[in-house]
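All letters in the sequence shown, in the order written, are residues 1 to 445 by the UniProt record's numbering.
Glycine included, every Cβ here is placed at the ideal spot set by N, Cα and C.
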Amino acid sequence: MSTNPKTCNICDDRHITKHATDWCSECEQAFCNECKEYHAFSRLSKTHITIPISDFLSLEPSFTNFTSICAEHEAIKDEEKIIMSDIGTMWKKIDEHLDKLENDLRKDLSKEATESRAAIEVLVQKLDDRKSEIAKHLQQMKNLETYASDFQTYISLREKSVAVNSTETLMQSVAEDGNLEIDTLSLNFDEKINAIVSNIQVFGIVQVQKRMNHVPQIRQKVKQAQLVGLSRPEINSIDDIKLEFVKTIDIYSIGDNSKFAITGGSDHHIHIVDISRSILKVHKSIPTENSCFGIAYSDGSLFCCIYKEGIQKISLENYNVSTMVKFDLSFGYIAVLNNNLYYTDRNTNTVTCCNTEGELLWTFTDATYFTGPCGLSIDNNGFVYVVSSEMNRVIVLSPDEENKRVLVTDSEGLKSPYALQFDKLRNRLLVANNNSTVFLFDVLV
């Protein structure tokens, strides 16, 4: 490089500007000639090896951006703050909603109590009026007994009987109308409120989600500070592929935190399942024309093996369905790489490759190598891995299907294998038996 934009970090701290001549990847600092000597003599850094600054600057930007502190660590603090804020926001919403319900209930209570009191006061007033009239009649009766003649008493009693009958009629109507019934107030809480108190045991669940770091990992040996580029191993020949057994796994639970698609087989549905929360939830169910078996995802679409229909594509944006390859498919699995589709057909014992336009590229069949093909997967170099459920083996095909090779057999424990998946990030092969036993292999080249 004609110009050297890097300055010595040590001199910068001393407010001195000097061009850097060397770079230490372990210290992640640039040094001038003078500071380089101190760096080489220091007890902590004398084992470090520096490289010319020009070599460091010539590296791709992705390799010069490594830092000793992972950005994810700071992200955890930010995520904690966001979650704390979300907790406060949710609590505020709940609190405001419950306050509103409480105020509405109190208003309803006040209204009912006021109306009941008013009705009681009206009734009491009516009864008080009748009480006064009855007291007046009683006093008049006493006066008649004391001062009136028999004839006057007779005439007055007839008049009083009419008034008494009127009062009796009023009291009877009050009793029959239910006006003498006593109002009482009681409260029944909504069952959902009681359920909140008894059923909800936690306010929420904090989940730690594992995801791959986008920063490549570099293993450094002692006394080695040279920066090296990371690249995927290229496989030029099918004979270069070697497997190393890692472990056997018994499947009993799902530990990922995301959405994934599963086929429902004979229920004619594809289910988008959300397991990001503690409760397994079907996010979306997509109907299919017939039984659906194999499924693959690429560029926002699902590619599915549909019984008697062939290969269909389902857009996850609008859920439109289109047929990519129309044929009488029995039972098959599918994989996608770039613009090519790879699928198995158990009835015809074939593995087929076509492009996304449905144009046939090749079909492989060889009963001496496999029968009953089921799951298949593609590695980064286009090699096709297929399980043979009837022959208890895994074979690999070259991208042009001209070469083939058996990789795993029943001697490694395969028994009616049905599915497999190639992990393109870690270069690992996962093979699953029909009895839920899973085998994990490192793919070595």
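- Message: Using CA atoms only, rank isn't needed, just tell me which of L420, R393, D299 and V336 is closest to V408.
- Response: The shortest C-alpha separation from V408 is found at R393.
- Task: Count the other C-beta atoms from every protein chain shown that fall within 10 angstroms of the C-beta of G204, then say buried if there are 16 or more, exposed otherwise.
- Result: In the assembly as shown, G204 is an exposed residue. Its beta-carbon has fewer than 16 other beta-carbons within 10 Å.
- Closest by C-alpha distance to E309, when choosing among V321, H39 and L329: Ranking V321, H39 and L329 by CA distance to the CA of E309 puts L329 first.
- What number of angstroms, rounded off, separates the C-alpha of W362 from the C-alpha of P52? Roughly 51 Å separates the two Cα atoms.
- Query: Which residue or residues does DSSP assign as beta-bridge partners of T354?
  - Reply: First, the residue type needs correcting, since residue 354 is Cys and not Thr in the sequence shown. Bridge partners of C354: L341 and L360.
- Looking at the unbroken beta strand (DSSP E) that takes in V394, where does it start and where does it end? Residues R393 to L397.
- Query: Roughly how many whole angstroms lie between the Cα atoms of V122 and D183?
  - Reply: If you take the alpha carbons of V122 and D183, they lie about 14 Å apart.
- Across which residues does DSSP place A20 in a beta bridge pair? The partner list for A20 (beta bridge, DSSP) is empty, contrary to what the question assumes.
- Residue nearest to V273 in terms of C-alpha spacing, selected from C292, A261 and E80: In terms of Cα proximity to V273, the closest of C292, A261 and E80 is A261.
- Are the segment 376-388 and the segment 412-427 touching, with three or more C-beta to C-beta distances below 8 Å? The segment 376-388 vs the segment 412-427: in contact.
- Message: Please report the straight-line C-alpha distance between N320 and H283, rounded to a whole angstrom.
- Response: Cα to Cα, N320 sits roughly 17 Å from H283.
- Hey, does L105 have any beta-carbon neighbour from chain B nearer than 7 Å? Although the question refers to chain B, the structure presented lacks it and comprises just one protein chain.
- Query: In whole angstroms, what separates the C-alpha of C8 from that of N380?
  - Reply: Cα-Cα distance, rounded: 42 Å.
- Message: Strictly by DSSP, which residues pair up with Y385?
- Response: Answer is S377 and V396.
- Message: Taking 7 Å as the threshold (C-beta atoms), are N427 and V443 in contact?
- Response: Yes. Within cutoff.
- Which of helix, strand or coil does DSSP assign to S436? DSSP places S436 in coil when its eight states are reduced to three.
- Taking three-plus beta-carbon pairs below 8 Å as touching, is the segment 293-309 in contact with the segment 334-343? Under the three-pair Cβ rule at 8 Å, the segment 293-309 counts as touching the segment 334-343.
- Run through DSSP, which three-state label would L430 get? If DSSP states are grouped into helix, strand and coil, L430 belongs with the strands.
- Query: Where does the unbroken alpha helix (DSSP H) through V197 begin, and where does it stop?
  - Reply: Per DSSP, the unbroken alpha helix (DSSP H) holding V197 starts and ends at E191 to N199.
- Query: Buried or exposed: where does K15 fall if 16 or more other Cβ atoms within 10 Å of its Cβ makes it buried?
  - Reply: Before going further, note that residue 15 is His rather than Lys in the sequence given. H15 should be labelled exposed.
- Message: Using C-beta distances below 8 Å, list every residue in its chain close to I120, excluding the 5 sequence neighbours before and after it, in chain order.
- Response: Closer than 8 Å at the Cβ level, and outside the excluded window around I120, lie D183.
- Message: According to DSSP, R405 sits in a beta bridge with which residue or residues?
- Response: V396.
- Residues that S298 bridges to, as DSSP identifies them: DSSP output for S298 lists S301 as bridge partner(s).
- Message: Can you tell me whether H15 is helix, strand or coil according to DSSP?
- Response: Under the three-state reduction of DSSP output, H15 falls in the coil class, being neither helix nor strand.
- Beta-carbon proximity check, F31 vs H39, cutoff 7 Å: Yes.
- Message: I need the DSSP call for K284, collapsed to helix, strand or coil.
- Response: The DSSP-derived three-state label of K284 is strand.
- Query: By the 10 Å Cβ neighbour count, where 16 or more other Cβ atoms means buried, how is Q139 classified, buried or exposed?
  - Reply: Around the Cβ of Q139, a 10 Å sphere holds fewer than 16 other Cβ atoms; the residue is exposed.
- Give the straight-line distance between the Cα atoms of K223 and F370, rounded to the nearest whole angstrom. With a pLDDT of 33 at K223, under the threshold of 50, the modelled position of that residue is not reliable, and the figure given next carries that caveat. Between K223 and F370, the C-alpha separation is close to 50 Å.
- Grab me the residues of Y252's own chain with a C-beta within less than 7 Å of its C-beta, minus the 5 sequence neighbours each way, in chain order. Any answer about Y252 is weak, because its pLDDT of 33 lies below 50 and its placement is not dependable; what the coordinates show is given next. The beta carbon of Y252 sits closer than 7 Å to no other beta carbon from its chain once the five residues preceding and following it are set aside.
- Query: When we look at the beta-carbon of A432 and count the other beta-carbons within 10 Å, is it buried (16 or more) or exposed?
  - Reply: Flag for A432 reads buried.
- Query: Opposite S322 in the DSSP bridges: which residues?
  - Reply: Beta bridge pairing from DSSP links S322 with K313.
- Message: I believe I378 touches Y342 by the beta-carbon criterion, under 8 Å. Please report the beta-carbon distance rounded to the nearest angstrom.
- Response: Sure, about 6 Å apart at Cβ, within 8 Å.
- Query: F151 to I134, Cα distance in whole Å?
  - Reply: Cα-Cα distance, rounded: 23 Å.
- Roughly how many angstroms separate the alpha carbons of C305 and D410, rounded to a whole number? Distance between the alpha carbons of C305 and D410 is about 27 Å.
- Query: Is it right to say D86 is buried, meaning 16 or more other beta carbons lie within 10 angstroms of its own, or is it exposed?
  - Reply: Residue burial is scored here from C-beta neighbours: D86 has fewer than 16 other C-beta atoms within 10 angstroms and is therefore classed as exposed.
- Task: Using three-state DSSP, classify S231 as helix, strand or coil.
- Result: Any reading at S231 must be qualified, since the residue scores a pLDDT of 42, below 50, and its modelled position is unreliable; no value is offered.
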